[in-house]
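Peer 1:
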Amino acid sequence: MIVITGSESFVGKELISQCKKNGIKFIGLDMLDKENPDYEFHKVDIKSSKIADYIPENVDAVIHLAALSRDADCKGKAYECFETNVMGTLNLINVCKAKNVGQLIFASSEWVYDKFENGQEKNEDSLIDAYNHTSEYAFSKLVTEINLRQQYELGFCSVTILRFGIIYGPRKNNWSAVESIASTIKNKNEITVGSLENARRFIHVSDITTGIIKSIGLRGFNILNLTGNNLITMRNLIDECEKIYGKKTTIMEKDHSTISIRNPSNQRAKQLINWEPKISIGDGIRTLDKFL
5 MIVITGSESF VGKELISQCK KNGIKFIGLD MLDKENPDYE FHKVDIKSSK IADYIPENVD
65 AVIHLAALSR DADCKGKAYE CFETNVMGTL NLINVCKAKN VGQLIFASSE WVYDKFENGQ
125 EKNEDSLIDA YNHTSEYAFS KLVTEINLRQ QYELGFCSVT ILRFGIIYGP RKNNWSAVES
185 IASTIKNKNE ITVGSLENAR RFIHVSDITT GIIKSIGLRG FNILNLTGNN LITMRNLIDE
245 CEKIYGKKTT IMEKDHSTIS IRNPSNQRAK QLINWEPKIS IGDGIRTLDK FL
């Protein structure tokens, strides 16, 4: 049995779908309303003491997805960001202790990594300089990672921190560059980007949730990057979308010389939990169609 916080989030809904397919028993917790749930669901805020009422004793794992999960939701709102992402998680940690939970799986982000000089690859052991962070969201995730490490060293249950890459997939809003570019190529004749050489290790939501499931039962304290296999540039994305939609688009590049590349390695996840992203960027783009 597992408990999923943020069960009504983009990742949470896909995770629930995969749990059902794999016969994994689960309880979903979220502060959003859910009409006629077809699983055990409770509306509760992770900051509330009432969350203890909905986490059974001795569950195998709590998968903690609930958060203010976008930089835009946190920018200029440090108090709200830390109240939810940091204090909410500390509240959940206390409940997990009281309920003798076997494992806490925390959804972190590749944005905890600071500067990527010249597109260098970074892994989970790369040093992070908190002074380089200007994002409240990224800093809240990093602080929570530190809290979890400290709690583990003080006798807390097994902790797995999953640093998600840039997630994309079929959804109505909160798009990444993948959905935005696919929609523009499909529906318009011109597109504007910063630099065509900007690159990310984009990862489909289905591959993310497969990684979450494979991490269930991992013992000890572990940090894993769940990112795509390859760097995908904006040029790659545009080319792939043009091929899929049979179009040639006028491209306007605003700033060719300022190139942003984020390159977090996924090798440890491959080795430790036998996980591998399966969905190519082309196949991933094809899953987006009904929302573009």
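Numbering (the working numbering), first residue to last: 5 to 296.
Cβ atoms here follow ideal geometry from the backbone N, Cα and C, with glycine treated the same way.
In this text, all values refer to a predicted model and were calculated from it rather than measured experimentally.
Where does residue 243 fall in DSSP's three states?
Peer 2: In the structure shown, residue 243 adopts helical secondary structure according to DSSP, grouped into three states.
Peer 1: At 4 residues or longer, what runs of the alpha helix (DSSP H) sit wholly inside the stretch 252-282?
Peer 2: 271-277
Peer 1: Thinking residue 297 and residue 197 are a contact (beta carbons under 8 Å), I'd like their distance in whole angstroms, please.
Peer 2: Since the displayed the chain opens at 5 and closes at 296, residue 297 lies outside it and no answer follows.
Peer 1: How would you write the range of the alpha helix (DSSP H) that residue 290 sits in, first residue to last?
Peer 2: 285-290
Peer 1: Using three-state DSSP, classify residue 164 as helix, strand or coil.
Peer 2: strand
Peer 1: Just checking, does the stretch 171-179 make contact with the stretch 231-239 on the three C-beta pairs under 8 Å criterion?
Peer 2: no
Peer 1: Quick check on DSSP: helix, strand or coil for residue 94?
Peer 2: Reduced to three states, the DSSP call for residue 94 is helix.
Peer 1: I'd like the list of long-range same chain contacts for residue 102, defined as Cβ closer than 8 Å, with 5 residues on each side in sequence excluded.
Peer 2: 56
Peer 1: Following the continuous beta strand (DSSP E) through residue 234, name the residue where it begins and the one where it ends.
Peer 2: Counting along the chain, residue 234 falls outside any beta strand (DSSP E), and DSSP gives it neither H nor E.
Peer 1: From residue 253 to residue 195, what distance separates their C-alpha atoms?
Peer 2: 7 Å
Peer 1: Could you pull the DSSP bridge partners for residue 175 from this structure?
Peer 2: Looking at the DSSP output, residue 175 shares a beta bridge with no other residue.
Peer 1: Output the distance between the C-alpha atoms of residue 61 and residue 6, rounded to the nearest integer angstrom.
Peer 2: Take the alpha-carbon of residue 61 and the one of residue 6: they are about 11 Å apart.
Peer 1: Rank 288, 293, 222, 213 by C-alpha distance to the C-alpha of residue 188 and give the top, closest one.
Peer 2: 293
Peer 1: Going by DSSP in three states, residue 112 sits in which element: helix, strand or coil?
Peer 2: strand
Peer 1: Please return the same chain residues whose Cβ sits closer than 7 Å to the Cβ of residue 79, not counting the five positions on each side in sequence.
Peer 2: 140
Peer 1: Quick one: measure Cβ to Cβ for residue 116 and residue 96, integer angstroms, because I've assumed they're closer than 8 Å.
Peer 2: At roughly 19 Å, the Cβ-Cβ gap does not stay under 8 Å, so residue 116 and residue 96 are not in contact.
Peer 1: By Cβ distance below 6 Å, which residues in the same chain neighbour residue 93 in space, the five residues on each side in sequence not counted?
Peer 2: 148
Peer 1: Quick check on DSSP: helix, strand or coil for residue 87?
Peer 2: Residue 87: helix per DSSP, three-state reduction.
Peer 1: Mind checking whether the beta-carbon of residue 39 lies closer than 7 Å to any heavy atom of the ligand MG?
Peer 2: The ligand MG is absent from the structure shown, which contains no ligand whatsoever.
Peer 1: Under the assumption that residue 191 contacts residue 128 (Cβ atoms under 8 Å), give the Cβ distance between them as a whole number of angstroms.
Peer 2: Distance from residue 191 to residue 128 at the Cβ level is roughly 39 Å; contact not present, criterion being Cβ atoms closer than 8 Å.
Peer 1: Cα separation between residue 275 and residue 227?
Peer 2: 13 Å
Peer 1: Around the Cβ of residue 150, are there at least 16 other Cβ atoms within 10 angstroms (buried) or fewer (exposed)?
Peer 2: exposed
Peer 1: Am I right that residue 216 and residue 166 are in contact with their C-beta atoms under 8 Å? What's the rounded C-beta distance?
Peer 2: That belief holds up - the Cβ atoms of residue 216 and residue 166 are roughly 7 Å apart, short of 8 Å.
Peer 1: Between which two residues does the alpha helix (DSSP H) carrying residue 31 extend?
Peer 2: Run containing residue 31: none in the alpha helix (DSSP H); it sits in the beta strand (DSSP E), 30-34.
Peer 1: What is the DSSP secondary structure of residue 104, counted as helix, strand or coil?
Peer 2: coil
Peer 1: Would you be able to state if there are at least three C-beta pairs under 8 Å between the stretch 32-39 and the stretch 105-120?
Peer 2: no
Peer 1: Determine which residues share a DSSP beta bridge with residue 51 and list them.
Peer 2: Partner(s): none; residue 51 has no beta bridge.
Peer 1: Spatial neighbours of residue 285 within its chain, please: C-beta separation below 6 Å, excluding the five flanking residues on both sides.
Peer 2: For residue 285, where only same-chain residues beyond five positions count, the Cβ hits under 6 Å are 236, 244.
Peer 1: Please return the same chain residues whose Cβ sits closer than 7 Å to the Cβ of residue 232, not counting the five positions on each side in sequence.
Peer 2: 169, 205, 206, 207, 281
Peer 1: Return the CA-CA distance between residue 110 and residue 164, expressed in angstroms with no decimal places.
Peer 2: Spanning the two alpha carbons is a distance of roughly 6 Å.
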